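**Q**
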Amino acid sequence: MSIDFFTALPAWVKVFLLSMTPFGELRASVPIGLVVYKMNPVSVFFVSVMGNITAVLLILIFLGFISSYLARKSYLFNRFFAWLFTKTRDKHYDIIERYGIYALAVFVAIPLPFTGGWTGALIAFVFGIPFWQAFLSISIGVLVAGLLVLFVVQAGVALSAYFGWQALIGVAIVFWVGTLIYKQISKSSKNHEFQE
Numbered sequence: 010m011s012i013d014f015f016t017a018l019p020a021w022v023k024v025f026l027l028s029m030t031p032f033g034e035l036r037a038s039v040p041i042g043l044v045v046y047k048m049n050p051v052s053v054f055f056v057s058v059m060g061n062i063t064a065v066l067l068i069l070i071f072l073g074f075i076s077s078y079l080a081r082k083s084y085l086f087n088r089f090f091a092w093l094f095t096k097t098r099d100k101h102y103d104i105i106e107r108y109g110i111y112a113l114a115v116f117v118a119i120p121l122p123f124t125g126g127w128t129g130a131l132i133a134f135v136f137g138i139p140f141w142q143a144f145l146s147i148s149i150g151v152l153v154a155g156l157l158v159l160f161v162v163q164a165g166v167a168l169s170a171y172f173g174w175q176a177l178i179g180v181a182i183v184f185w186v187g188t189l190i191y192k193q194i195s196k197s198s199k200n201h202e203f204q205e
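Numbering (my numbering), first residue to last: 10 to 205.
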């Protein structure tokens with residue numbers, strides 16, 4: 010598939026495909042659909058959510074088969090999947106055990122790096138959450154994430170239009186610093202609880 014083929018695709022197909030990617034998901038497809046392709050916000054939301062949910066559905070259906078097959082065929086894949094599944098289980102065990110599928114929906118709904126439908130589907134697979142419970146929970150999370158991203162992008166576009174791109178960068182920096190402070194406080198409280 011050449012780059013020319015991709016550029017010839019309609020904007021909605023590009024947004025759909027972008028929302029299926031593991032690193033972009035709808036956190037990338039919504040801004041690109043709105044800002045680059047100038048699509049209608051409702052269309053961008055619908056296409057991005059459908060693409061993200063399609064990827065989740067495929068992962069939930071095929072991850073077990075593909076990971077088992079590749080692990081049997083290759084030592085490298087076996088090591089990779091063992092590492093990935095162990096890391097996922099260790100990182101999310103407490104929350105999933107305590108809150109179950111509700112935690113999965115909230116986790117997917119938070120539009121930050123390494124959260125989203127792909128990671129939610131991996132967590133559901135690793136913890137053996139039944140297919141329909143996982144699919145429904147992740148789909149709800151994707152819908153909420155789509156609304157949040159749509160709101161933030163629309164607000165950013167409006168802020169940039171009225172106050173200039175400098176204000177947008179200022180807001181992004183304040184948000185980034187706030188996130189770092191929150192993570193540090195959260196990490197400190199976990200360490201404090203662990204020591205007690």
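Cβ atoms here follow ideal geometry from the backbone N, Cα and C, with glycine treated the same way. From a predicted model like this one, the values you see are computed outputs, not experimental measurements.
Taking C-alpha atoms, which residue in VAL166, TRP185, VAL115, GLY155 lies nearest to SER146?
**A** VAL115
**Q** Since LEU43 contacts VAL53 with CB under 8 Å, what's their CB separation in whole angstroms?
**A** 5 Å
**Q** If we define contact as Cβ-Cβ less than 7 Å, is VAL153 a contact residue for chain D?
**A** As a matter of chain content, chain D is missing from the structure shown, which is built from one protein chain.
**Q** Give the secondary structure of TYR46 by DSSP, where H, G and I count as helix, E and B as strand, and everything else as coil.
**A** coil
**Q** Start and end of the alpha helix (DSSP H) containing THR128?
**A** 126 to 135
**Q** Return the chain-ordered list of same chain residues with a C-beta closer than 7 Å to the C-beta of TYR84, the five sequence neighbours on each side being excluded.
**A** none
**Q** With ILE105 as the anchor, note down where its alpha helix (DSSP H) starts and where it stops.
**A** 84 to 108
**Q** Is the region 135 to 145 in contact with the region 57 to 76, if contact means three or more CB pairs nearer than 8 Å?
**A** yes
**Q** Roughly how many angstroms separate the alpha carbons of VAL186 and ARG81, rounded to a whole number?
**A** Those two C-alpha atoms are separated by around 45 Å.
**Q** If you draw a straight line from the C-alpha of GLY126 to the C-alpha of THR16, how long is it?
**A** 26 Å
**Q** Using the Cβ count rule (16 or more neighbours within 10 Å means buried), how would you classify PHE28?
**A** Note on residue identity: the sequence assigns Ser, not Phe, to residue 28. It is buried - the Cβ of SER28 has at least 16 other Cβ atoms within 10 Å.
**Q** Can you tell me whether DSSP reads MET59 as helix, strand or coil?
**A** helix
**Q** With a Cβ-Cβ cutoff of 7 Å, do ALA118 and GLY150 count as a contact?
**A** yes
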